[in-house]
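Protein chains in written order, with my numbering: chain A, 32 to 412; chain B, 49 to 338.
Here the structure comes first, spelled out in structure tokens, and everything after it is commentary.
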Amino acid sequence: MDNSKRYERLIDRYQHGDINRRTFLGLIGAAGLSYGVSSPFSRYALAADEVKQVRFDGWGGVVSEAFRKHAFDPYEKSTGIKVVEGTFGGGDEYLSRVKASAGGEYNLAHLSGVFDYARYHELGLSTELNEANIPNLEFVIPKLIDVFKQVSGGKLSCVPYDYGTTGIAYNRAHISDEEAREKGAMLLIDPQYKGKIGGWNDWRTRIWYASLQTGQDPNGATDMDAVWDAVRTHRDLALKYWTSGAELMSLLAGDEIHVTEGWSGRIFALREEGHDIGYIDPPNGFGWQECLFVIKGSPLEACEELLNFMLDPVTSIAVAEGQNYPPALDPQKVQLGDKIPTLPAFDPSGTLENLTFADPTYWNSNEQEWSKTFGRVAKGY
Amino acid sequence: MASIEAREKRQPWILLSPALLTIVTLLLVPLLFIVVYSFWLRTASGADQIGFHLDNWQEALSDPFYRDILLSTLRIAGITTLLCAVLGYPTAYFVARSRTRHKTLLLLLLVLPFWVSYIIRTLSWINILGVSGALNAVLLGLGIVQEPLQMLYNEASVILGLVHFLLPFIVLNVYVSLIGIDRHLESAARSLGCNQRQAFLEITLPLSMPGLAAGSLLCFVLAAGTYITPLVLGGPRDAMFANLVFDAIITQLDWPLGSALSLMLLAVLAVVVAVYNRFIGMGQLARGLS
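Below is the structure:
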């Protein structure tokens with residue numbers, strides 16, 4: 032709707048008595064003010080606000096390297112807008128930083144899972160992207176877009192970017208592929224590997240795998256006592272809870288642990304480096320999709336431009352090949368090259384029917400209680 | 049005359065004002081925020097509910113989980129301090145009494161660890177004690193062990209990391225204390241019949257106690273407040289109290305509870321400092337550091 036139409040509608044409402052004189056004059060005044068700040072005279076004042084940089088926070092390691100090389104450097108060269116990078120070890124940690132920041136300090140984040148998106152939205156940290164400014168969204172798998180729109184009332188505060196799994200990674204020198212396939216999630220609580228088991232220090236992942244170990248639906252466990260017992264069993268057998276992708280890779284590569292759950296892309300990267308690490312997704316393994324989220328208070332147009340640049344198939348494929356996670360691009364619409372079809376979790380159909388994603392309602396409604404309980408259980412209680 | 053007296057009274061405050069302003073702005077005001085926060089609540093969505101609620105304090109003070117981890121933290125800090133004192137005193141004594149012309153180099157070596165990030169120093173133990181680390185490689189190479197030893201991710205590795213981090217603090221404090229002692233006192237004691245051991249126990253050790261006590265206090269307080277070392281070198285059960293604060297604030301987004309927990313740790317450490325002040329005196333701390 033253009034401004035002329037808005038004014039006509041306002042006058043019409045006033046003339047028909049839908050709004051009183053004071054409200055009408057107030058709205059006209061606000062319109063005048065908005066014209067004032069957008070008039071040619073305002074550009075001198077606004078010049079100081081010209082966007083010179085945007086901040087992007089991600090998972091670090093090979094993921095950040097891929098973003099820097101294939102997306103940020105070309106974007107900076109093309110637009111002159113600098114991309115300042117930061118890293119985090121998990122969505123919870125990052126949310127805490129954003130909460131403590133001044134508005135606009137953090138702009139874009141590589142968030143994992145729809146549950147994170149929902150949390151940010153519920154905390155009032157989302158924004159409304161203008162999809163017209165991101166034409167490359169047309170290449171994205173529709174299902175990935177729809178789940179985000181359902182959370183934020185039909186609007187997007189992010190663009191889907193990639194997906195992957197948190198499966199079971201094991202050192203082939205000690206554990207065979209057959210054994211891993213046979214035991215599945217139970218491999219993580221096999222007493223035979225006591226002291227050689229690792230795990231992500233993340234309450235969702237621990238509960239997800241404990242649900243599988245107790246034969247329950249990871250998106251709807253009914254016997255939480257059994258789940259917590261399984262988490263305790265894993266804790267007592269584990270040598271270390273890792274807190275970042277770099278630590279995961281270091282523990283596996285250094286032979287400190289023989290089995291852990293791991294992020295598909297990181298394990299692929301280890302294998303590319305020559306480490307003989309096996310990887311399986313057990314039935315109902317943890318699938319997730321990542322998005323590039325724009326935080327409230329960010330310079331929207333600059334962010335939209337960056338998002339569109341990053342969704343360009345050339346950029347997106349290059350980043351995917353660098354970070355080893357399949358892109359959110361629809362394989363039915365875009366030719367994804369030779370490497371991507373070989374990545375773990377890749378779905379050539381573009382429907383992602385074979386992956387089990389975390390149900391944001393289920394997980395977020397239990398987040399407060401479970402994250403706290405896990406904090407205790409992890410420390411021996 | 050009156051104006052001169054008034055000026056003299058004002059002068060110390062004027063000179064102190066930058067330091068006081070800094071302390072108020074950067075220490076007391078944030079502390080006040082934390083106190084206020086500790087009476088708020090966290091809502092289900094993670095937002096804060098403003099108000100005056102005692103729930104966090106009730107939980108922090110009555111839950112055995114927090115009490116046990118606090119006691120474990122104080123125990124680890126105590127062991128670390130003891131080890132630092134036992135290892136640090138002879139080192140400081142050696143440097144202080146050394147007549148070598150390379151004494152400056154020895155002092156430089158003492159402060160050298162401060163030039164490297166604490167996190168990097170902590171991480172370096174993974175390369176030393178890890179399954180494929182240097183120590184295991186040597187042991188395996190010499191045939192002393194047949195399988196690599198699991199030396200990391202337990203309480204011992206946490207204490208080792210803390211001793212590595214805190215040892216220079218105690219060495220420097222004791223060193224400063226030792227070089228301040230008039231060496232003629234020891235000579236006098238020897239001339240009056242003391243043997244070397246007695247002279248040390250009766251003269252040197254008591255006179256160097258302020259430095260040892262100041263260093264120990266610093267070690268204890270810093271060890272009790274650490275969270276990086278148990279995070280990097282500890283296993284699942286080796287968390288210290290600061291890790292609980294980290295979990296509450298960062299992982300659970302429960303800033304109000306995290307504030308109450310951090311104030312609880314602060315209060316316990318304040319009691320330690322108060323006990324120190326009662327029996328040794330803060331003046332000794334200043335002397336030890338001077």
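Heads up, the beta-carbon is just placed ideally off N, CA and C, and yes, glycines get one too.
Neighbouring residues, chain A, relative to B/Phe113 (Cβ below 7 Å): Here the neighbours are Arg407, Tyr412.
Cutoff 8 Å: A/Arg22 Cβ touching any chain B Cβ: Lying before the first or after the last residue shown, residue 22 of chain A is absent from chain A, which here runs from 32 to 412.
8 Å Cβ cutoff met for B/Ser307 and B/Ser86: yes
Separation of B/Ser146 from A/Thr404, as counted between CA atoms: 55 Å
Partners in chain A for B/Arg285, counting only beta-carbon separations shorter than 7 Å: Lys410, Gly411
Local Cβ density within 10 Å of B/Asp116, reported as buried at 16 or more and exposed below that: exposed
Supposed contact pair A/Gly276 and A/Trp90 - C-beta distance, whole angstroms, cut 8 Å: Going by Cβ atoms, the distance from A/Trp90 to A/Gly276 rounds to 6 Å, so yes, they are a contact pair.
Chain-ordered neighbours of A/Leu270 on chain B, where CB pairs are closer than 7 Å: Tyr201, Gly283
Under 8 Å between C-beta atoms of B/Gly228 and B/Leu200: no
Best match in B/Thr129, B/Met312, B/Ile98, B/Gly241 for proximity to B/Pro216 [C-alpha to C-alpha]: B/Thr129
Limits of the unbroken beta strand (DSSP E) element including B/Ile167: Per DSSP, B/Ile167 belongs to no beta strand (DSSP E); it is in the alpha helix (DSSP H), 166-177.
Distance between A/Gly121 and A/Leu283 (C-alpha atoms, nearest Å): 20 Å
Neighbouring residues, chain B, relative to A/Leu154 (Cβ below 7 Å): Ser93, Gly94, Ala95
Nearest-angstrom Cα separation, counted from B/Ala296 out to A/Thr196: 27 Å
Within 8 Å, strictly: CB atoms of A/Arg235 and A/Trp394: yes
Selected residue, minimal CA-CA separation from B/Asp103, among B/Leu305, B/Asn325, B/Lys151: B/Leu305
Residue span of the beta strand (DSSP E) that contains A/Thr196, given as start and end: 189-202
Cβ neighbours of A/Arg150 in the same chain (closer than 7 Å, five flanking residues each side left out): Within the same chain, A/Arg150 has close Cβ partners Leu126, Asn395.
Same chain only: Cβ atoms within 8 Å of A/Ile165, ignoring 5 sequence neighbours per side: Val190, Glu335, Leu338, Asn339, Leu342
Collapsed DSSP secondary structure at A/Tyr151 in the structure displayed: Residue state, collapsed to three classes: helix.
Best match in B/Leu214, B/Ala144, B/Gly94 for proximity to A/Ala131 [C-alpha to C-alpha]: B/Gly94
Any chain B beta carbon closer than 8 Å to A/Gln399: yes
Contact with chain A by B/Asp295, beta-carbon distance below 8 Å: yes
Closest by C-alpha distance to B/Ile127, when choosing among B/Ser225, B/Leu210, B/Ala315: Minimum Cα distance to B/Ile127 is reached at B/Leu210.
Cβ neighbour criterion (16 or more within 10 Å) applied to A/Thr245: buried
Minimum Cβ-Cβ distance from B/Gln300 to chain A less than 8 Å: Closer than 8 Å: yes.
Under 8 Å between C-beta atoms of B/Gly283 and A/Lys271: Judged by beta-carbon spacing, A/Lys271 lies within the 8 Å limit of B/Gly283, meaning their Cβ atoms are closer than that value.
Residues of the region 303-314 of chain A whose Cβ lies closer than 8 Å to any Cβ of chain B, in chain order: none
Limits of the unbroken beta strand (DSSP E) element including A/Ala269: 269-273
The beta strand (DSSP E) enclosing A/Leu142, as first and last residue numbers: 139-143
C-beta contact flag for A/Ala333 and A/Val82 at 8 Å: yes
Minimum C-alpha distance to B/Leu122 - residue among B/Phe289, B/Leu311, B/Ala322, B/Leu309: B/Phe289
Residue closest to B/Thr299, alpha-carbon to alpha-carbon, out of A/Asp312, A/Glu210, A/Val290, A/Arg407: Closest by alpha carbon: A/Arg407.
Cα-Cα separation between A/Phe170 and A/Gly155, rounded to whole angstroms: So the alpha carbons of these two residues sit roughly 28 Å apart.
Between the CA atoms of B/Ile168 and B/Leu260 - distance to the nearest angstrom: 27 Å
Chain A within 8 Å of B/Gln244, Cβ atoms only: no
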